[in-house]
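Asks: In order, the protein sequences belong to chains A and B.
Heads up: the first sequence at position 355 corresponds to 355 in UniProt numbering, and the numbers run straight through without jumps.
Heads up: the second sequence at position 406 corresponds to 406 in UniProt numbering, and the numbers run straight through without jumps.
Using N, Cα and C, we set each Cβ at its ideal position, and we do this for glycine too.
There are 2 protein chains.
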Amino acid sequence: MSDVDTGLRNEEGIAAVIGVLRQRFGDQVQTGETLRAQHAHTTTYIAGQLPDAVIFPNSTDEIKTIVRACADHRVPVIPFGTGSSLEGHVNAPLGGISIDMARLDKVLEVNAEDLDCTVEPGVTREQLNTHLRDTGLFFPIDPGANASIGGMTATRASGTNAVRYGTMRENVMAVTAVTAAGEEIRTARRARKSSAGYDLTRLFVGSEGTLGVLTSVTLKLQGIPQAISGGVCPFPSVEAACNAVIMTIQMGIPVARIELLDALQMKACNAYSNLSNPESPSLFLEFHGTEAGVAEQASLFAEIAAECGGGEFLWTTNPERRTELWKARHNAYWASLQLRPGAKGLSTDVCVPISRLAECVVETQEDIAASGLIAPIVGHAGDGNFHVLVLIDTDIPAEVAAAEAFVGRLNTRALAMDGTCTGEHGIGQGKRRYLPLEMGEGVSVMRQIKQALDPMNIMNPGKIFSFND
Amino acid sequence: MSDVDTGLRNEEGIAAVIGVLRQRFGDQVQTGETLRAQHAHTTTYIAGQLPDAVIFPNSTDEIKTIVRACADHRVPVIPFGTGSSLEGHVNAPLGGISIDMARLDKVLEVNAEDLDCTVEPGVTREQLNTHLRDTGLFFPIDPGANASIGGMTATRASGTNAVRYGTMRENVMAVTAVTAAGEEIRTARRARKSSAGYDLTRLFVGSEGTLGVLTSVTLKLQGIPQAISGGVCPFPSVEAACNAVIMTIQMGIPVARIELLDALQMKACNAYSNLSNPESPSLFLEFHGTEAGVAEQASLFAEIAAECGGGEFLWTTNPERRTELWKARHNAYWASLQLRPGAKGLSTDVCVPISRLAECVVETQEDIAASGLIAPIVGHAGDGNFHVLVLIDTDIPAEVAAAEAFVGRLNTRALAMDGTCTGEHGIGQGKRRYLPLEMGEGVSVMRQIKQALDPMNIMNPGKIFSFND
């Protein structure tokens, strides 16, 4: 990265705090290099930056004790869920203490009548849905990885069904968090809505660990739909597919998922899963509702697709057949990697108003071709959000440079279309340089808040904001 | 109110700033007492506190100039929309300059394909919907009054259809605002979702003018539903009605409105509108969707109502007949006032998890009876939010005291049920004392943010936070 981290390691403080924590927590504190390296693992090409120790707390009180010790010695605190974030969020550029939430994995309460639950931050989304299995409820947000709820909250995650159910922004009702001063706060009660003061919940959602350590998250839940229908439809062009998306949204069809795969991605999927889908831009759809409702929704979409020049819309309410139709989408990531075996996938995302989605995707495809990169595109089209997986050999500096330059142009393009440099991955380290381009003076306001709540900059330093701006 | 405002008026600064503004803005600055009194008007029994001048800016640049002048002289700035807020939000306890947004009434852009629009803060919701009439789109949030979009944003307003479409929290995509330093910021782009940094949009939504002056608001819009069905159903008790609400939400029926009127309110409505509805707790419902969908939703609700012991559910898709069925709900406010002609209505609201709604309403009815008050209840039941309109003679101190004591118990009751002291009215001056009870240490975090962004406390001082805590 060209964002040089010029912050200084506080060697003395780090040594002191490890001593204090060891004395208090014994072998809950680990300093072995392998474990530390796992906690600096990122799924990007951003180099790992190891924390000096990893600690496994068992309770909020223990987190308070850890944060207070780190505050006393001005040592960085890096919260860690499952490490599936994509922009270097768990790196420790100045070292410090990684707080691994693995033991904080309890579902604290489920209020079925209120359609909500409260979980510890280390609970993963799959674990939560397993826990909910007998309640008739589910937690819809699905970013792909089996991420922790704490991590999903911290990065404002979303995924395929955000078009229907919203992102973590809409689905987190409250959090408890330990602030930089070592105090626990609760950001809201369990009421569905409130006009009581500043929206601290939304401030913590997406704050990437820079304002405090999450200790519990209260989530909205959804009733499992009575029926689900799903299908796939090819289109002659990205524009035609995007027009169908726009009409679907405008008509108010409450589509649960509407995913765009470009021609290269479809080709990769056919090869990987031995399928024979048309190798043209395609939409994968899912509808949730009553039996009659999901059939009606699918029929309405079929009309729209035909009007937009789409090919045959294959759809079904049969679960096995639906899984079959969605197979290409389900395996898209692994299929992509096989386009260039041995390469590393650099996953990046942007999000634009849906009226600009086709233009943004097409220009990006042209850019990919002109750059000589291999990079299939998958989009959460209903939100105007899409991912590019750039397949590079990270040992070849020219490839890394080409990929970086491409990401820069992609972000500039999205911003020029009134979009954002990240729809769901977050800023972390990887997108810090684009945030000021997107937010202008707004970044100063963010910095003022950060400074007010974490004056010593011990909370996940070097994320969202660079040290040297 | 027993929250004494011990902040001091800055007489010298106020005189100076009025001089500066007069010189720059001429008769856009008004100091007549009648006009100033109108700008301190509140719809509660909270006494008016007049600003020293009212100014009518024509542009964002003019707002910047005004705020900078006020900052230079440390003079309070009070943004004013239509004055329909309910908790003293537009009062000027330390005097200062009321900025009336009446001339900032332009719809700046409508992006029909993206289902969004951007408006100046003085645009009212009815004006916006009139403007949208030919687009097939509408803006759903309806707090009752024809409030300004700026004011609705500042108070995090909602209303009857929040259960389907969310509150201002979910429907504001971005704002521009002039900060206390006189800089304009934009909190987000037009992408449907973003993970880029702190959620400044949500921080400004509900900040009640205490962090800056809104200069534009970007809103989500909805497609006008193809069909609407609506109806009314009586229940033998509040519990039975609330059980029907819970089952409706749990089943995922996408009800657009589900309003609870208690027996006293139904009685008032019958008398006022010459109706013959059963005088028992009743639910008023509305469903939005396709022709087939709204019929299906109404049928499903009819089954639920029967299961919960409800009486006949009268419903229709005919617009005139629907208006007829909803007449009681539409006229509820005016009907209430006729329960005690000449009395003033003190409107207060709380919101609890819906599993506690019946208990909270019933205890509140018992409290009303024990207090000798006349106070019908109307609830946005799908959100667990309800209003009590306490009818008092504000010239009788004992009545005011009884009403205040009742409001105190109502808030304590809602908080004990993990609810909030205000679902949609905001804190303003009227609910400041309850915010610390609800938020605990969270209020300190709010204060730190306020202090960081408005160190001189010139932005609508005395709202959300008391001077003397």
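DSSP three-state call for B:G95: helix, strand or coil?
Replies: B:G95: coil per DSSP, three-state reduction.
Asks: Given a threshold of 16 other Cβ atoms within 10 Å of its Cβ, counted over all protein chains shown, does A:N274 qualify as buried or as exposed?
Replies: Exposed, by the Cβ-count rule.
Asks: With DSSP as the reference, label B:S158 as helix, strand or coil.
Replies: B:S158 falls in the coil class under three-state DSSP.
Asks: Please say whether B:M456 and residue 517 of chain B have beta carbons closer to each other than 8 Å?
Replies: Here chain B comprises residues numbered 1 to 469, so residue 517 of chain B is not present and cannot be evaluated.
Asks: In its own chain, which residues sit with a C-beta less than 7 Å from the C-beta of A:G13, not counting the 5 before and 5 after it?
Replies: Taken in chain order, the residues that qualify are H73, R74 and V75.
Asks: Would you kindly work out how many angstroms separate the C-alpha atoms of A:A180 and B:L21, rounded to a whole number?
Replies: Cα-Cα distance, rounded: 42 Å.
Asks: Give me the residue from B:D454, B:S466, B:F467 and B:N460 with the minimum Cα distance to B:E183.
Replies: Cα-wise, what sits closest to B:E183 is B:D454.
Asks: Would you kindly report the start and end of the unbroken beta strand (DSSP E) that includes A:W334?
Replies: No beta strand (DSSP E) contains A:W334, which is instead part of the alpha helix (DSSP H) from A332 to L337.
Asks: With burial defined as no fewer than 16 other Cβ atoms inside 10 Å of the residue's Cβ, what is the status of A:Q297: buried or exposed?
Replies: Buried, because 16 or more other Cβ atoms sit within 10 Å of the Cβ of A:Q297.
Asks: For B:D222, name the three-state secondary structure that DSSP assigns.
Replies: For clarity, residue 222 of chain B is Gln in the given sequence; the question names Asp instead. B:Q222 falls in the strand class under three-state DSSP.
Asks: If you measure between the beta carbons of B:G96 and B:D52, is that distance less than 8 Å?
Replies: Yes, Cβ-Cβ distance for B:G96 and B:D52 is below 8 Å.
Asks: Count the other C-beta atoms from every protein chain shown that fall within 10 angstroms of the C-beta of B:W334, then say buried if there are 16 or more, exposed otherwise.
Replies: So B:W334 counts as exposed.
Asks: Closest to B:A112 by C-alpha separation, out of B:R133, B:A358 and B:S282, would be which residue?
Replies: Per the Cα distances, B:R133.
Asks: By alpha-carbon positions, which one of A:A147, A:T412 and A:L50 ends up nearest to A:T82?
Replies: Taking only the C-alpha atoms, the option nearest A:T82 is A:A147.
Asks: Would you tell me roughly how many angstroms separate the C-alpha atoms of B:K450 and B:P461, rounded to the nearest one?
Replies: So the alpha carbons of these two residues sit roughly 10 Å apart.
Asks: Is there a Cβ of chain B sitting closer than 8 Å to that of A:N385, yes or no?
Replies: With 8 Å as the cut-off, A:N385 counts as an interface residue toward chain B.
Asks: Counting only beta-carbon atoms, is B:I185 nearer than 8 Å to chain A?
Replies: So, interface residue.
Asks: Please list, in chain order, the chain A residues whose beta carbon lies closer than 7 Å to that of B:K193.
Replies: Those within 7 Å of B:K193 in chain A are S158, A162, T167, C351, D383, N385, G423 and E424.
Asks: Using the C-alpha atoms, what's the distance from A:L219 back to A:H330?
Replies: Near 26 Å, if we compare the C-alpha coordinates of A:L219 and A:H330.
Asks: Helix, strand or coil, according to DSSP, for B:C421 in the structure here?
Replies: Correct three-state label for B:C421: coil.
Asks: Indicate whether B:P225 and A:G206 have their beta-carbon atoms separated by less than 8 Å.
Replies: Result no, Cβ atoms of B:P225 and A:G206 do not sit closer than 8 Å.
Asks: Determine, using beta carbons only, whether B:S466 comes closer than 8 Å to chain A.
Replies: It does not: the Cβ of B:S466 has no partner Cβ on chain A nearer than 8 Å.
Asks: Taking A:N411 as part of the alpha helix (DSSP H), name the residues at either end of that continuous run.
Replies: Here the alpha helix (DSSP H) through A:N411 covers P397 to A416.
Asks: Per DSSP, what kind of secondary structure is A:L8 in: helix, strand or coil?
Replies: Three-state DSSP puts A:L8 in coil, outside helix and strand.
Asks: For a contact defined as C-beta to C-beta under 7 Å, what are the partners of B:N111 on chain A?
Replies: Simply P353 and S355.
Asks: List the residues of chain B whose Cβ lies closer than 8 Å to the Cβ of A:E170, in chain order.
Replies: Residues of chain B passing the Cβ test: G166 and E170.
Asks: Report the rounded CA-to-CA distance for A:Q38 versus A:K106, giving the unit in angstroms.
Replies: Approximately 23 Å, taken between the alpha carbons.
Asks: Taking C-alpha atoms, which residue in B:V245, B:A381, B:V294 and B:A332 lies nearest to B:G309?
Replies: The shortest C-alpha separation from B:G309 is found at B:V245.
Asks: Evaluate A:P140 with the Cβ neighbour count: other Cβ atoms within 10 Å of its Cβ, from every protein chain shown; 16 or more gives buried, anything less gives exposed.
Replies: Under this definition A:P140 is a buried residue.
Asks: Can you give the beta carbon distance from A:V172 to A:V217, rounded, assuming they're within the 8 Å contact cut?
Replies: Yes, they are in contact, since the Cβ atoms of A:V172 and A:V217 sit about 6 Å apart, within 8 Å.
Asks: Thinking just about the alpha-carbon of each residue, which of A:I458, A:T290 and A:V163 is nearest to the one in A:N10?
Replies: Comparing Cα positions, the closest option is A:I458.
Asks: Could you tell me the boundaries of the beta strand (DSSP E) in which A:F465 lies?
Replies: Neither: A:F465 is in no beta strand (DSSP E) and is coded neither H nor E.
Asks: Please list, in chain order, all residues of the same chain as B:V238 whose beta carbon is under 6 Å from its beta carbon, the five residues on each side excluded.
Replies: Cβ within range, chain order: P281, A358, V361 and V362.
Asks: Do the region 388-406 of chain A and the region 419-429 of chain A meet, that is, are 3 or more Cβ pairs less than 8 Å apart?
Replies: Because the criterion of three Cβ pairs below 8 Å is not met, the region 388-406 of chain A and the region 419-429 of chain A do not touch.
Asks: Between the region 183-193 of chain B and the region 159-175 of chain B, do three or more beta carbon pairs fall short of 8 Å?
Replies: With a cut-off of 8 Å, the region 159-175 of chain B and the region 183-193 of chain B count as touching, because enough Cβ pairs lie within range.
Asks: Touching or not, the region 283-299 of chain A and the region 283-297 of chain B, by the rule of three or more beta carbon pairs under 8 Å?
Replies: Flag = yes, the region 283-299 of chain A and the region 283-297 of chain B touch.
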